[in-house]
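Protein chains in written order, with our numbering: chain A, 258 to 311; chain B, 47 to 464. All residues carry an ideal CB built from backbone N, CA and C; glycine is no exception.
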Amino acid sequence: MFPFSFEWVWDLGHLVFHGALWYALSILGIGLTYCILKAAWQASRGEEHDHGHH
Amino acid sequence: MDSALIPKGVERCPLGRFLAFIAIVGAVLLWGVVAMFLIYIKGLNQTNMNNAYGFALWIWADLAVIALGGGAFFTGLLRYIFGKEELKNIINYAVLIGFVCYSSALLILAIDVGQPLRAWFIFWHANVHSMLTEVAFCLTCYFGVLTIEYIPLILENRQIERISFFRHLAHNMHGIMAVFAATGAFLSFFHQGSLGGVSGVLYGRPFGFRSGIGIWPWTFFLYTWSAAACGPCFTILVTRITEMATRKKLVKDDVIDLLAKIAGWMLATYIAAKIVDTVYWAAVTAPAMGFTLMDFYTNNPGSAYGLWILIAEVGLCGVLPALMLIAPSVRRNARLLFLAVLLAVLGACLNRWVMILQMQAVPVLPFERWFTYFPSWQEIATTILPVAYGIILIAFSYRYLPIFPQEAELNPLPEGGR
Chain A
258 MFPFSFEWVW DLGHLVFHGA LWYALSILGI GLTYCILKAA WQASRGEEHD
308 HGHH
Chain B
47 MDSALIPKGV ERCPLGRFLA FIAIVGAVLL WGVVAMFLIY IKGLNQTNMN
97 NAYGFALWIW ADLAVIALGG GAFFTGLLRY IFGKEELKNI INYAVLIGFV
147 CYSSALLILA IDVGQPLRAW FIFWHANVHS MLTEVAFCLT CYFGVLTIEY
197 IPLILENRQI ERISFFRHLA HNMHGIMAVF AATGAFLSFF HQGSLGGVSG
247 VLYGRPFGFR SGIGIWPWTF FLYTWSAAAC GPCFTILVTR ITEMATRKKL
297 VKDDVIDLLA KIAGWMLATY IAAKIVDTVY WAAVTAPAMG FTLMDFYTNN
347 PGSAYGLWIL IAEVGLCGVL PALMLIAPSV RRNARLLFLA VLLAVLGACL
397 NRWVMILQMQ AVPVLPFERW FTYFPSWQEI ATTILPVAYG IILIAFSYRY
447 LPIFPQEAEL NPLPEGGR
């Protein structure tokens, strides 16, 4: 639900619930987008890296 | 035939034997799928749920797998936030188990809601005063986190990794995994807690109702705590079962010992809090609502709920495994460790059973009798379905993905091996 939906009420419940939802979704979306764009950039430049993760 | 897909430096059983195993488990999966479609086509009349049992076997299964899947968030928290580096050798498997548990929970919910095409209503027409809304939000988001944590494992498959973009993507995702893990821990804290809060706020049901802090009943905190304690126990249990099935050592003992030790202390503190909560509920909360403790455990013909279930949950499957896991000598004994984590896992399942099904069995009005319920075969089949699905996903992941970083070192191939 977004603030422009007709059911939206500007109260603490809506702000906390939906604020936390958007916050979490934003972190996941931005993080994933960053990884994908960076990988595309690295792949296009032919970069390589060490296999030191896990 | 599929050797090009199998990780380097490890050995797998012949493809024919693997497919035969998948076919057997797949038959069970198919049984569940048939029941699932029966429910989708004919509706919830295929279940034995009734006016007394709006929450039934499925909700118990949901809560149990979510608690046991807590190993993923807690192990991730220990590894990425608290810097327990040793756990990098089991975190992949914890993530996989968590992914199986949470996808199973969502699958069961998709059957349980009756009208899955309207499942999105809970996001768009959210009731912000409901614990279950918070559960739905956090559960969905956390499943997204687990998917993000599982994707790099898939991308590390030998053939997929040959593609430059996927190799970089896996590397980059590992690089910022701490951000995803922290988000996952935040989401898990709230949805595990809110699942406990559901029974704790039911003031019309004195068996489940608890006092608490603000809008959060004590069950909110106890559920999160127990998931953090029993989730890692489930990870250890499944790891040991996988080792038995593959006849290989997959994780070094020091890694298991560390996780078991942390789980033991978590379980010990949880069970201490649970005992305090139970005593306060029995002595203050329930009497204030007109009930004595024994009202919940006696005079219940047709149901098996006696004091034994409280003793089994708190004593046999709570205090005992906590004491066992704290003791280094027990942790070093493979059989006793297996028994301890098995008891802890059963304790979490029993706790969810009590707080969901026993709570609904207890009459709340003087003229009511104890309510009885036995699930239909369709409910049982759809509850076993995720187990079969989990076994299949774990089998494929183990065969084709580098789930266990220490496997090659612990099981060196003979000269001339892959």
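Item	Value
Note the first and the last residue of the continuous alpha helix (DSSP H) segment covering Asp299 of chain B.	299-326
Quick check on the DSSP output: the alpha helix (DSSP H) that includes Asn138 of chain B runs from which residue to which?	137-158
Using beta-carbon positions only, say whether Ala358 of chain B and Leu396 of chain B come within less than 8 Å of one another.	yes
Should His237 of chain B go down as buried or exposed, given a rule of 16 or more other Cβ atoms within 10 Å for buried?	buried
Thinking C-beta only, is Ile440 of chain B closer than 8 Å to Ile105 of chain B?	no
Shortest alpha-carbon distance to Ala202 of chain B belongs to which of B:Asp48, B:Ile430, B:Trp399, B:Lys54?	Contrary to the premise, residue 202 of chain B reads as Glu rather than Ala in this sequence. Closest option to Glu202 of chain B, Cα to Cα, is B:Lys54.
State the beta-bridge partners of Ile402 of chain B as determined by DSSP.	Looking at the DSSP assignment, Ile402 of chain B forms no beta bridge with any residue, so it has no partner.
If you scan the segment 80-136 of chain B from start to end, which runs of the alpha helix (DSSP H) of 4 or more residues do you find wholly inside it?	103-114, 116-122
Quick one, which of B:Cys363, B:Phe167, B:Glu57 has its alpha-carbon nearest Leu459 of chain B's?	B:Glu57
Locate the alpha helix (DSSP H) running through Gly277 of chain B, then write down its first and last residues.	264-292
Could you check whether Arg256 of chain B and Trp327 of chain B sit closer than 8 Å to each other, using their CB atoms as the reference points?	yes
Would you say His311 of chain A lies against chain B (beta-carbon separation less than 8 Å)?	Unreliable placement is indicated for His311 of chain A, whose pLDDT of 47 sits below 50; the coordinate value is still reported in the next sentence. Judged by the 8 Å Cβ criterion, His311 of chain A is in contact with chain B.
Suppose you measure from the CA of His214 of chain B to the CA of Ala300 of chain A; what does that come to, to the nearest Å?	7 Å
Looking at chain A, is there any beta carbon in it that lies within less than 8 Å of the beta carbon of Ala172 of chain B?	yes
Leaving out the 5 sequence neighbours to the left and right, which residues in its chain are closer than 6 Å to Met469 of chain B when beta-carbon positions are compared?	Lying before the first or after the last residue shown, residue 469 of chain B is absent from chain B, which here runs from 47 to 464.
Which stretch, first to last residue, makes up the alpha helix (DSSP H) that contains His171 of chain B?	Run containing His171 of chain B: none; DSSP gives neither H nor E here.
Output needed for Leu109 of chain B: all residues of its chain with C-beta closer than 7 Å, excluding positions within five of it in sequence on either side, in chain order.	Leu241, Arg398, Ile402
Would you list the one or two residues that DSSP bridges to Gly303 of chain A?	Partner(s): none; Gly303 of chain A has no beta bridge.
How should Ser234 of chain B be labelled, buried or exposed, when 16 other C-beta atoms within 10 angstroms of its C-beta is the threshold for buried?	buried
How far does the alpha helix (DSSP H) with Ile355 of chain B in it extend, from its first residue to its last?	353-357
Identify the continuous alpha helix (DSSP H) that holds Ser443 of chain B and give its terminal residues.	423-446
Helix, strand or coil for Gly230 of chain B? Go by DSSP, reduced to three states.	helix
Pick helix, strand or coil for Gly364 of chain B, following the three-state DSSP scheme.	helix
Does Pro412 of chain B pass the burial test, meaning 16 or more other C-beta atoms within 10 Å, or should it be called exposed?	exposed
So, is Gly129 of chain B buried or exposed, given that buried needs 16 or more other C-beta atoms within 10 angstroms?	exposed
So the alpha helix (DSSP H) Val247 of chain B belongs to, where does it begin and stop?	Looking at the DSSP string, Val247 of chain B is not in any alpha helix (DSSP H), and its letter there is neither H nor E.
Going by beta-carbon coordinates alone, are Lys298 of chain B and Leu456 of chain B separated by less than 8 Å?	yes
Going by the beta-carbon positions, is the gap between Phe266 of chain B and Gly258 of chain B smaller than 8 Å?	yes
Give the residues of chain A in contact with His237 of chain B, contact being defined as C-beta atoms less than 8 Å apart.	Result: empty, since nearest Cβ-Cβ is about 11 Å, beyond 8 Å.
Between which residues of its own chain and Pro162 of chain B is the CB-CB distance below 7 Å, once the five residues before and five after are set aside?	Ala156
Please list the partners that Val191 of chain B has in chain A, where partner means a Cβ-to-Cβ separation under 8 Å.	Leu285
Between the segment 269-291 of chain B and chain A, which residues of the former have CB atoms less than 7 Å from a CB of the latter, in chain order?	none
Hey, quick one: how far does the alpha helix (DSSP H) through Ala216 of chain B stretch, first residue to last?	210-221
For Leu142 of chain B, which residues from the same chain have a beta carbon less than 6 Å from its beta carbon, with the 5 sequence-adjacent residues on both sides left out?	Ser443
According to DSSP, is Gly55 of chain B helix, strand or coil?	coil
Among the candidates B:Ile449, B:Ile438, B:Pro448, B:Pro451, whose CA atom is the shortest distance from the CA of Ser150 of chain B?	B:Ile438
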